[in-house]
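Everything below concerns the one structure shown next.
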Amino acid sequence: MNTIRALSLAAAGSLVLTLAACGGDSEGSGSSGGSGDGTTITWWHNSNTGAGLEYYTELAAQFEEETGVTVEMEAMAHEDMLTKLDAAFQADDAPDIYMERGGGELADHVEAGLTKDLTELAAEEIEKVGGIAQGWTVDGKVYALPFSVGVVGFWYNTEMFEEAGIAEAPETWDEMYDVIDKLKAAGMEPISVGAGEKWPAAHYWYQFSLRHCAEDVLTDAVTSLDFSDPCFIRAGEDLEKLIAAEPFNRGFLSTPAQTGPTSASGLLATEQVAMEMQGHWEPGVMQGLTEDGKGLAGKLGWFPFPQVEGGQGDPAAQLGGGDAWGVSADAPDAAVDFVKFLLSDEVQRGFAERDMGLPTVPSAGDAVADPALAGLLEVRNDAPYVQLYFDTAFGQAVGGAMNDAIALMFAGQASPQDIVDATQAAADAEG
Amino acid sequence: MAIAPVPTTGATTPPAGRTARPAGAARRDWRMAAEIVLFTAPALVLFAVFVVWPILRAVQFSLYRWKGFGPLVDFVGLQNYVSVLANGVFTGAVAHNLIIVVASILVQLPLGLALALLLNRKMRGQGLLRTIIFVPYVLSEVIAGVVWFQLLQPGRGVVEALLGTVGLEGPYQGFLGTPSLALPTLVVVLTWKYVGLAVLLFLAGLQGVPDELAEAAQIDGASWWQTQWRVTIPLLGPTIRMWAFLSMIGSLQLFDMVWILTGGGPANATTTMATFLVNEGTKRQNYGIAAAASVVLFVIALVMAVTYQRFVLRRDTAEADVPRGVR
């Protein structure tokens with residue numbers, strides 16, 4: 001009897017763990033086609049608080065009134081949404097409209113036949129957002145409509161910069177090292193990085209790669225998964241040099257990205273460090289991490305990743321990414337109509353006015369209120385191309401291995417060659 | 001992999017006098033069999049649905065390259081097992097699990113025993129002390145993990161502030177961020193969390209040790225220490241062995257605390273088999289690899305459990321069979 005109990009204990013514990021996540025086989029319960037009265041569409045998004053939630057609720061009601069289509073909206077926290085989406089895809093029961101991050105992740109969804117081809121259905125909107133739609137294109141077909149796209153750069157505390165005697169934001173890495181020295185001399189911790197979660201650390205290597213690698217090398221890498229170009233090694237060497245200069249906050253190896261006041265974003269928001277490299281969501285994140293809900297408002301500056309010497313990449317190219325509305329393969333036509341509605345000029349303007357993100361429809365650009373965000377938007381619009389975050393572009397399997405190896409470099413346990421090798425090995429295992 | 005038929009140790013000898021069957025015995029046997037089926041069916045169904053079926057599915061998944069959605073089409077045979085076993089992070093994780101198994105027993109056993117013997121004596125504030133020691137065990141691992149994460153904050157946490165009062169400084173990356181210190185720190189937190197369970201079980205076991213034996217030993221001139229060492233602790237044997245078994249299985253499956261405190265880092269220094277497979281599955285969408293890792297974890301747990309059962313717990317189960325036969 002004891003044996004059975006012990007075995008079931010061991011079995012249940014070790015295996016149910018994985019299987020909780022990969023259970024169901026239930027047949028899809030997608031809604032039937034046709035638009036108009038009686039049709040219901042489901043919509044999942046992550047604007048689950050404040051003005052954003054209010055706005056989306058309003059939009060759903062407006063659409064219902066105009067078309068007679070019922071919109072069942074579900075707003076949830078970002079992480080919850082990702083988990084729930086994974087489960088929904090596994091169970092073949094995805095919502096009609098959901099958020100797609102593009103890249104390898106989208107390619108996997110397309111390959112599994114989960115998402116609808118919007119190339120013809122939303123041709124007008126795709127033309128409107130222009131090159132930005134590239135990130136959601138697989139084999140020449142667009143599978144999702146981007147509604148918010150931003151780029152990654154340095155957010156900094158303008159007051160602390162002034163105190164340390166720094167007049168201007170750095171444009172090259174030589175100037176950047178000078179800034180780091182000045183901040184240290186003034187007794188400040190220069191940069192916070194949430195290396196505990198790996199991706200914020202990995203973004204440094206992406207950025208150096210973007211500066212060192214020519215555009216075609218990067219575009220080729222996404223399809224051929226070939227990382228043999230020496231520019232990837234040079235990216236690692238530059239990162240090693242930066243880590244050696246010790247600009248990062250104390251305990252950065254275990255610092256989380258943006259949860260709590262002691263996370264990397266929290267340290268910037270509470271003025272414990274002078275800068276942090278993050279995406280366009282940073283002002284919003286910091287608001288949630290300060291007691292007055294303002295973040296660093298009033299003393300927040302932004303500058304793009306500085307230039308490197310002798311890089312092959314276009315100096316104006318940026319690393320970034322964003323969110324797009326994807327439509328499930330078996331969703332009714334009304335779902336496509338709704339997504340087109342969300343991409344309309346008025347809706348995007350309202351979106352920008354509420355600082356919910358960086359609009360992709362050009363006419364909505366001037367509605368962005370926050371000056372730091374407006375500056376970032378300008379840099380994005382001037383960029384010859386925006387490289388999607390590598391972990392998203394290459395898919396989670398390759399991207400995860402890449403991030404792990406980069407995090408090892410932050411811990412002093414990987415060389416530039418190790419990063420390339422680990423990434424290549426994961427890419428080769430993809431087959 | 002045969003899972004359902006479990007080899008039972010002991011208790012397999014048929015009852016004596018089986019050959020002399022009184023009239024009507026066959027009918028009684030049939031009724032008994034029907035009753036057994038009726039009463040065990042719900043449990044068996046649950047066992048099949050929530051234990052056997054998931055195990056079989058995990059084995060199935062482990063043979064495919066699968067991203068977690070879409071049909072299972074990319075059959076790769078044992079390749080996932082090869083990549084798991086050749087993966088330094090996974091073999092490191094196995095080593096970490098074994099270190100935690102050994103460390104848990106080496107640290108918690110003497111500590112738990114000492115505390116239990118101490119608390120078993122009549123003393124002031126006994127209830128309060130027992131509660132203090134047992135409270136960490138009642139807390140969920142996630143809550144305890146979050147609390148310790150805050151306490152151990154590098155440069156800002158309570159632990160380093162305390163160190164500061166005696167003139168010491170914590171490591172630059174903090175206790176959880178320094179690769180060589182992360183695993184020992186984890187063991188300390190786990191000890192804090194689980195020593196209460198050991199104490200509770202040992203105290204319960206001590207209730208079964210008759211006072212007369214200790215009194216007799218004392219009359220014979222044994223000191224308190226000798227009494228504990230020669231009489232009480234040996235009689236506590238079955239409890240200790242059962243606790244060690246629970247501790248071993250728990251350590252092999254360790255997940256929550258690691259996930260919260262370090263996420264398996266820094267530099268994979270605290271990865272356990274469970275964090276490895278969750279990372280591979282949900283973060284990297286290598287569900288085939290994750291399933292293979294979970295099967296390996298299962299086999300390791302199974303082998304250790306069966307071995308322990310055969311060589312350590314056997315005595316206890318054999319003893320337990322005697323009164324059962326009388327009943």
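Chains A and B are the protein sequences, given in the same order.
Here the first sequence is numbered in UniProt numbering, starting from 1 and rising by one per residue.
Here the second sequence is numbered in UniProt numbering, starting from 1 and rising by one per residue.
For each residue, glycine too, the CB sits at the ideal point set by N, CA and C.
Check: What does a CB cutoff of less than 6 Å around residue 408(A) pick up in its chain, not counting 5 residues either side in sequence?; Outcome: 414
Check: Per DSSP, what are the beta-bridge partners of residue 304(A) in this structure?; Outcome: 153(A)
Check: How is residue 166(A) classed by DSSP in three states: helix, strand or coil?; Outcome: coil
Check: Determine the extent of the alpha helix (DSSP H) in which residue 200(A) is found, giving its start and end residues.; Outcome: 199-212
Check: Mind checking if residue 262(B) is an interface residue toward chain A, Cβ cutoff 8 Å exclusive?; Outcome: yes
Check: Can you list, in chain order, the residues of its chain with a C-beta nearer than 8 Å to that of residue 354(A)? Leave out the 5 residues immediately preceding and following it.; Outcome: 51, 52 and 55
Check: Please name the residue in 119(A), 418(A), 117(A) and 154(A) whose C-alpha comes closest to that of residue 318(A).; Outcome: 154(A)
Check: Spatial neighbours of residue 23(A) within its chain, please: CB distance less than 6 Å, with the 5 preceding and 5 following residues excluded, ordered by chain position.; Outcome: Unreliable positioning characterises residue 23(A) in this predicted model, as indicated by a pLDDT of 37, which lies under 50. A coordinate reading is not provided.
Check: By Cβ distance, which residues of its chain are closer than 7 Å to residue 136(A), with the 5 residues on each side in sequence left out?; Outcome: 100, 102, 106, 142, 143, 144, 146 and 324
Check: What is the DSSP secondary structure of residue 256(A), reduced to helix, strand or coil?; Outcome: coil
Check: Going by other Cβ atoms of all chains shown within 10 Å of its Cβ, with 16 needed for buried, is residue 229(B) buried or exposed?; Outcome: exposed
Check: Any idea if residue 307(B) is buried or exposed, counting beta-carbon neighbours within 10 angstroms, 16 or more meaning buried?; Outcome: exposed
Check: Can you pull the chain B neighbours of residue 39(A), defined as C-beta to C-beta under 7 Å?; Outcome: None at all; the shortest Cβ gap to chain B is about 25 Å.
Check: Just curious, the beta strand (DSSP E) that residue 126(A) is in, first and last residue?; Outcome: Not the beta strand (DSSP E): residue 126(A) falls in the alpha helix (DSSP H), residues 123-129.
Check: With 16 other CB atoms within 10 Å as the buried threshold, where does residue 311(B) fall?; Outcome: exposed
Check: What residues from the region 61-86 of chain A come within 8 Å of chain B, judged by C-beta to C-beta, listed N to C?; Outcome: 83 and 86
Check: Assuming residue 287(B) contacts residue 70(B) under a Cβ cut-off of 8 Å, what Cβ separation, rounded to an integer in Å, is found between them?; Outcome: The Cβ separation is near 11 Å, so there is no contact.
Check: With burial defined as no fewer than 16 other Cβ atoms inside 10 Å of the residue's Cβ, what is the status of residue 272(A): buried or exposed?; Outcome: buried
Check: At 4 residues or longer, and completely inside the region 269-294 of chain A: list those alpha helix (DSSP H) runs for me, N to C.; Outcome: 282-289
Check: Just list the residues that DSSP pairs residue 43(A) with in beta bridges.; Outcome: 73(A) and 97(A)
Check: Select from the region 250-263 of chain A all residues with a C-beta closer than 9 Å to any C-beta belonging to chain B, and list them in chain order.; Outcome: 250, 251, 252, 253, 254, 255, 256, 260 and 262
Check: When the cut-off is 8 Å and only beta carbons count, does residue 396(A) lie next to chain B?; Outcome: yes
Check: Keeping to the same chain, check which residues put their C-beta closer than 8 Å to that of residue 231(B); ignore five residues upstream and five downstream.; Outcome: 209, 213, 214, 217 and 222
Check: I'd like to confirm the pairing. Which residues does DSSP put opposite residue 142(B) in its beta bridges?; Outcome: For residue 142(B), which the question treats as bridged, DSSP gives no partner whatsoever.
Check: Which residues of the region 147-177 of chain B have a Cβ closer than 8 Å to any Cβ of chain A? Give them in chain order.; Outcome: 150, 153, 154, 155, 156, 172, 173, 174, 176 and 177
Check: Find the residues of chain B that neighbour residue 90(A), judging by a C-beta separation of less than 7 Å, and give them in chain order.; Outcome: 68 and 69
Check: Take the Cβ of residue 303(A) as the centre, count every other Cβ of all protein chains shown within 10 Å, and call the residue buried at 16 or more, exposed below.; Outcome: buried
Check: Would you mind listing the alpha helix (DSSP H) stretches within the region 193-233 of chain B that are 4+ residues and don't spill past its ends, in chain order?; Outcome: 211-219 and 224-227
Check: What are the residues in the region 282-298 of chain B lying within 7 Å of chain A by C-beta distance?; Outcome: 282, 283, 284, 285, 286, 287, 290, 291, 294, 297 and 298
Check: To which residues does DSSP link residue 388(A) through a beta bridge?; Outcome: 320(A)
Check: If you run the structure through DSSP and keep just helix, strand and coil, what is residue 21(A)?; Outcome: Low local confidence applies: a pLDDT of 39 at residue 21(A) is under 50, so the model's placement there is unreliable, with the coordinate-based value given in what follows. In the structure shown, residue 21(A) sits in coil (DSSP, three-state: anything other than H, G, I, E or B).
Check: Any idea what DSSP makes of residue 66(B), helix, strand or coil?; Outcome: coil
Check: Tell me whether residue 224(B) is buried or exposed, calling it buried when 16 or more other Cβ atoms sit within 10 Å of its Cβ.; Outcome: exposed
Check: Return the CA-CA distance between residue 278(B) and residue 81(B), expressed in angstroms with no decimal places.; Outcome: 16 Å
Check: Go through the region 347-416 of chain A residue by residue and report every complete run of the beta strand (DSSP E) that reaches 3 residues or more, in order.; Outcome: 386-388
Check: Just to confirm, are residue 202(A) and residue 193(A) a CB contact at a threshold of 8 Å?; Outcome: no
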